[in-house]
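**Q**
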Amino acid sequence: MKLAHLTFWSFLVLFSGKLWAEEFLVIVHPDSSIKEADADSIKRLYLGKTSQLLGVRLTPADLPEGNSVRDAFYEKVVDKDASQLKAYWAQLIFTGGGSPPTVQNSDQTMVQWVLAKQNSIGYVSSSANTSNVKVIYRGSQ
Amino acid sequence: MVPNNLAKNFLSNRPLIGGLLLLLLSPLVSAERQVHHNGFLTAAFSQTDSATSYSGIADDINFSEMSVIGIQTKFQPSAAQMHFTIQLLARGSRGWDVDAEWAYVGFKLADAYEFQIGKIRAPMFLVSETLDVGITYPWIRPPVELYGFANIPFTTVNGMKAKRRFHWMDLDLQLLAYVGENPSQASSLNAFEFNLTDLIIGGVELLILNDKWKIRASYHDAPELSYDATDSIAADPNVGAIFSALAPSGILSFDASFATFGGQYDSEHWLLMGEVGQRKVSASGGSKNTNYFITIGRKLESLLLHVTYSEFDTDSTTIVQNQSTTTIGIKKGLNPTTSIKAELSQVNLQGTGSIGLYDILPGNAVDKDPAHILGIALNMVF
Chain A
33 MKLAHLTFWS FLVLFSGKLW AEEFLVIVHP DSSIKEADAD SIKRLYLGKT SQLLGVRLTP
93 ADLPEGNSVR DAFYEKVVDK DASQLKAYWA QLIFTGGGSP PTVQNSDQTM VQWVLAKQNS
153 IGYVSSSANT SNVKVIYRGS Q
Chain B
2 MVPNNLAKNF LSNRPLIGGL LLLLLSPLVS AERQVHHNGF LTAAFSQTDS ATSYSGIADD
62 INFSEMSVIG IQTKFQPSAA QMHFTIQLLA RGSRGWDVDA EWAYVGFKLA DAYEFQIGKI
122 RAPMFLVSET LDVGITYPWI RPPVELYGFA NIPFTTVNGM KAKRRFHWMD LDLQLLAYVG
182 ENPSQASSLN AFEFNLTDLI IGGVELLILN DKWKIRASYH DAPELSYDAT DSIAADPNVG
242 AIFSALAPSG ILSFDASFAT FGGQYDSEHW LLMGEVGQRK VSASGGSKNT NYFITIGRKL
302 ESLLLHVTYS EFDTDSTTIV QNQSTTTIGI KKGLNPTTSI KAELSQVNLQ GTGSIGLYDI
362 LPGNAVDKDP AHILGIALNM VF
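The listed protein sequences correspond, in order, to chains A and B.
Each step along the first sequence adds one to the number in our numbering, with nothing skipped, and position 137 is 169.
Each step along the second sequence adds one to the number in our numbering, with nothing skipped, and position 73 is 74.
(1) Give the single residue among R166/B, Q279/B, T319/B and G298/B whose Cα lies nearest to the Cα of G241/B.
(2) From the DSSP output, which residues share a beta bridge with A93/A?
(3) Going by DSSP in three states, K166/A sits in which element: helix, strand or coil?
(4) Could you check the C-alpha separation between S158/A and V348/B for me, to the nearest Å?
(5) With a 10 Å radius around its C-beta and 16 neighbouring C-beta atoms as the bar for buried, classify S31/B as buried or exposed.
(6) Is the Cβ of V449/B closer than 8 Å to any Cβ of chain A?
(7) Using the Cα positions of I87/B and A122/A, report the straight-line distance between them to the nearest angstrom.
(8) Could you tell me which residues DSSP puts in a beta bridge with F259/B?
(9) My parser needs the alpha helix (DSSP H) runs of 4 or more residues fully inside the stretch 109 to 156 of chain A; what are they?
(10) Skipping 5 residues on each side, what residues in its chain have a beta carbon closer than 8 Å to that of T191/B?
(11) Could you please give the first and the last residue of the uninterrupted alpha helix (DSSP H) stretch that includes Y148/B?
(12) Out of curiosity, what's the CA-to-CA distance linking T43/B and V69/B?
(13) Is it buried or exposed for P238/B, if we count other Cβ within 10 angstroms and need 16 for buried?
(14) Of the choices T296/B, F255/B, K289/B and P78/B, whose alpha-carbon is the least far from that of W388/B?
(15) Using the C-alpha atoms, what's the distance from I153/B back to V170/A?
(16) Given this structure, state the Cα-to-Cα distance separating N168/B from L86/A, to the nearest angstrom.
(17) Using 10 angstroms around the beta-carbon of I329/B, count the other beta-carbons present and answer buried if the total reaches 16, otherwise exposed.
(18) Does P124/B pass the burial test, meaning 16 or more other C-beta atoms within 10 Å, or should it be called exposed?
(19) Tell me, please, whether the stretch 142 to 158 of chain A touches the stretch 90 to 100 of chain A by the rule of three or more beta-carbon pairs shorter than 8 Å.
(20) Consider the Cβ of N39/B: report whether some Cβ of chain A lies at a distance smaller than 8 Å.
(21) Can you tell me where the beta strand (DSSP E) holding D72/A begins and where it ends?
(22) How many angstroms separate the CA atom of L89/B from the CA atom of D100/B?
(23) Which residues in chain A have a C-beta closer than 9 Å to the C-beta of G107/B? List them in chain order.
(24) Under a Cβ-count criterion, where at least 16 other Cβ atoms within 10 Å of its own Cβ denotes burial, should F195/B be classed as buried or exposed?
(25) Does chain A have any CB closer than 8 Å to the CB of K369/B?
(26) Just grab the DSSP bridge partners of V348/B for me.
(27) Against chain A, which members of the stretch 278 to 310 of chain B pass a CB distance test of less than 8 Å?
(28) Listing by chain order, which chain B residues have their CB less than 9 Å from the CB of D103/A?
(29) Taking DSSP as the reference, what is the three-state secondary structure of V30/B?
(30) Kindly indicate which three-state DSSP category Y106/A falls into: helix, strand or coil?
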C-alpha cells in the first residue's frame, strides 16, 4: 500500500508540471487614471508595440530573468517563454525597433520604483505588499 | 587598423556626429538619459568539396567567410523621443575591418510614426534588418541566391526611412518608405571586383504581422546605378573581354528595379519561411533575375530541424548564374542568447554555361557539379 502511495505521488510530481499556479499582480502608480487593463493591452506595452496603456503613456519594468513570477507573467500575458522573448528582443534591438523593459530586482524594489515614478507599470507576485500601489490586473499561470 | 577605420567612418558621418552632439547638449538630456550597449557574433567555419571557391567558401577549412561580430550602442535622452544608434561591424569576409554598418538618428512621433536619418539598413528582404544577427534565423547565412551580392550588391544606404504603424484587430501593419544613396562601396560578383560608385534608390515596404505570421511585400527603384570595374579590367584582360560588349570603358550605368514578396509562420512546433525577389536591369544587355527560397522547419523543444530550397534564375546571357541549392540544417538553442548550427548544402548548376555563384569568370568550368558545403556556426547575442 505504501509503495502504491509512493508511486502515485512520484508520478504526480514527475508528470504534473507545476503543482501550484504562480500568481502575479500588474501594478501602476496609485494616482494613475487606469483602473484596470486587459491582458492584450498589457502585452502590447511589454512587447514595445505601443508606449501607452489605455491612452496613458507608461514605462514598463521587468523582474530579473529566471524569476518565476516573470516567467508566469510572460507565459500568461505575453504568451512567450524566456527563449522566445530573447529572440523577439534581439530582433527589435538590432533593428533599432526598441529596447526591453528595465529590470527591477525584486517585488519590493518593483513596488518602490512604481511608487516613485508616476508613469510606470510593473508586476509582482501576489504575496507582495501592494497596499500603496494600484493593482490593474491579476493573473495566474 | 581598427582605430584608423573607426576614425575614417566617423569622419565620413559628420552630420551624424552633429546629431549626437545635439542630443548630448540638448536640454532634454537629463540624469536619466539611457545608453544601451548590445552585441552579437557569429563564429563559423565552412568548407566545400569543390576545388572551385563558392561564394567565398573554399575546399580548405575557412573560419572567416561567415563569421561576424557587431556592437551596437543606442543613446536616448529619457524625456526625448529621439535616439542615436551606431552599430559597428567586423566581418571575417572583409578582413575584420571595422565598419559603421548603421549610424543614424531616430525619432518617434507617438507610437505611429518613426523616422531614421543617416546610414541605415536597406530594407530589401524579409530578414534584411537582422541580416548579421545569426541567432534570429535558422541558417548560418541567408540563402545566397536571394541575399547574396550577386543579386543586390549593397546592404545599407545613406538616407532616410519613414515608418507608419497601424494596429487593426490582432494585426500590426507597417508601411515604410525610404530614399538613399550609397556611393563608393566595394563589392564583388563571381570573380569580379568592382565599386558601386553611384546609387540612388527609393522604395516602399508593407509588413503585416501578428504573433505567428508575417507577410511582407516591397518595391525598390534605382534610377541611377553605376559599377566601376576598371581596376578588375586592368588586372585581368578576361574581365575586359566580358565587359567589352556592355561597357568598354569598364563603367556600367543603368537603372534597376527590385520587387519582393515573402512570409513567415513561426509557431511552437513549425517554422515556415519563403520569399521571392525579382530584379530587373534596364540597359543594353540588361537582365531579369527571379530568385527565391522556401524553408520548412520542425521544432523539437530547443532543436530546430530545417530544409531549405533556393534558386537563382536569370535570363542574362553575359553571366549565366542559374543554380539551385538544397540545405538541411540543425539549430540548437543552448540558452536564450546562444545557439549552435550545423548544415549541409548541395549546389546544382542549371543551364548550359552556368557558373552559378562560384568565384570564377564566365567561360571557366566549375570543378564539381553538384558540389557540397558543410558549415558549423555559433551564434550569440549579448
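Cβ atoms here follow ideal geometry from the backbone N, Cα and C, with glycine treated the same way.
**A** Put simply:
(1) The candidate whose alpha carbon is nearest that of G241/B is T319/B.
(2) The partner list for A93/A (beta bridge, DSSP) reads T134/A.
(3) Strand.
(4) The alpha-carbon atoms of S158/A and V348/B are separated by roughly 57 Å.
(5) Note on S31/B: pLDDT 44, under 50, position unreliable in the model; no value is reported.
(6) Since the first residue of chain B shown is 2 and the last is 383, residue 449/B is not available in this structure.
(7) Distance from the CA atom of I87/B to the CA atom of A122/A, rounded to whole angstroms, is 16 Å.
(8) The partner list for F259/B (beta bridge, DSSP) reads H221/B and R280/B.
(9) For the stretch 109 to 156 of chain A, whole alpha helix (DSSP H) runs of length 4 or above, ordered along the chain, are 114 to 125 and 139 to 148.
(10) Note that residue 191/B corresponds to Asn in the displayed sequence, not to Thr. Its chain contains A151, I320, Q322, I356, L358, Y359, D360, I361, L362 and P363 as the residues whose beta carbon lies nearer than 8 Å to that of N191/B, once the 5 sequence neighbours on both sides are disregarded; these appear in chain order.
(11) Note, Y148/B: alpha helix (DSSP H), V145 to Y148.
(12) The C-alpha of V69/B is placed about 5 Å away from the C-alpha of T43/B.
(13) By the neighbour-count rule (16 or more Cβ atoms within 10 Å), P238/B is not buried but exposed.
(14) Look at the range of chain B in this structure, 2 to 383, and you will see that residue 388/B is not part of it.
(15) Note on identity: in this sequence residue 170/A is Arg, with Val being the wrong assignment. Each residue's alpha carbon lies about 50 Å from the other.
(16) The residue you asked about is not Asn; residue 168/B is His in the sequence shown. Between H168/B and L86/A, the alpha-carbon positions lie close to 14 Å from each other.
(17) Exposed: under 16 other Cβ atoms inside 10 Å.
(18) When all chains shown are included, P124/B counts as buried.
(19) Taking a cut-off of 8 Å on C-beta distances, the stretch 142 to 158 of chain A touches the stretch 90 to 100 of chain A, as three or more cross pairs fall below it.
(20) Yes, contact with chain A.
(21) Annotation: D72/A is outside any beta strand (DSSP E); the continuous alpha helix (DSSP H) that includes it extends over A71 to Y78.
(22) C-alpha separation (whole angstroms): 6 Å.
(23) By Cβ distance, chain A contributes G128.
(24) Burial check for F195/B: the Cβ neighbour count within 10 Å reaches 16 or more, so the residue is buried.
(25) No, because no Cβ of chain A sits closer than 8 Å to the Cβ of K369/B.
(26) In DSSP, V348/B forms a bridge with T326/B and A372/B.
(27) With the criterion set as a beta carbon lying under 8 Å from some beta carbon of chain A, the members of the stretch 278 to 310 of chain B are S303, in sequence order.
(28) Per Cβ cutoff of 9 Å: no residues; D103/A is ~12 Å from chain B at best.
(29) The predicted position of V30/B is uncertain, since its pLDDT is 43 and thus under 50; a value taken from the coordinates is nonetheless stated next. Coil at V30/B, not helix or strand.
(30) Here Y106/A sits in helix by DSSP.
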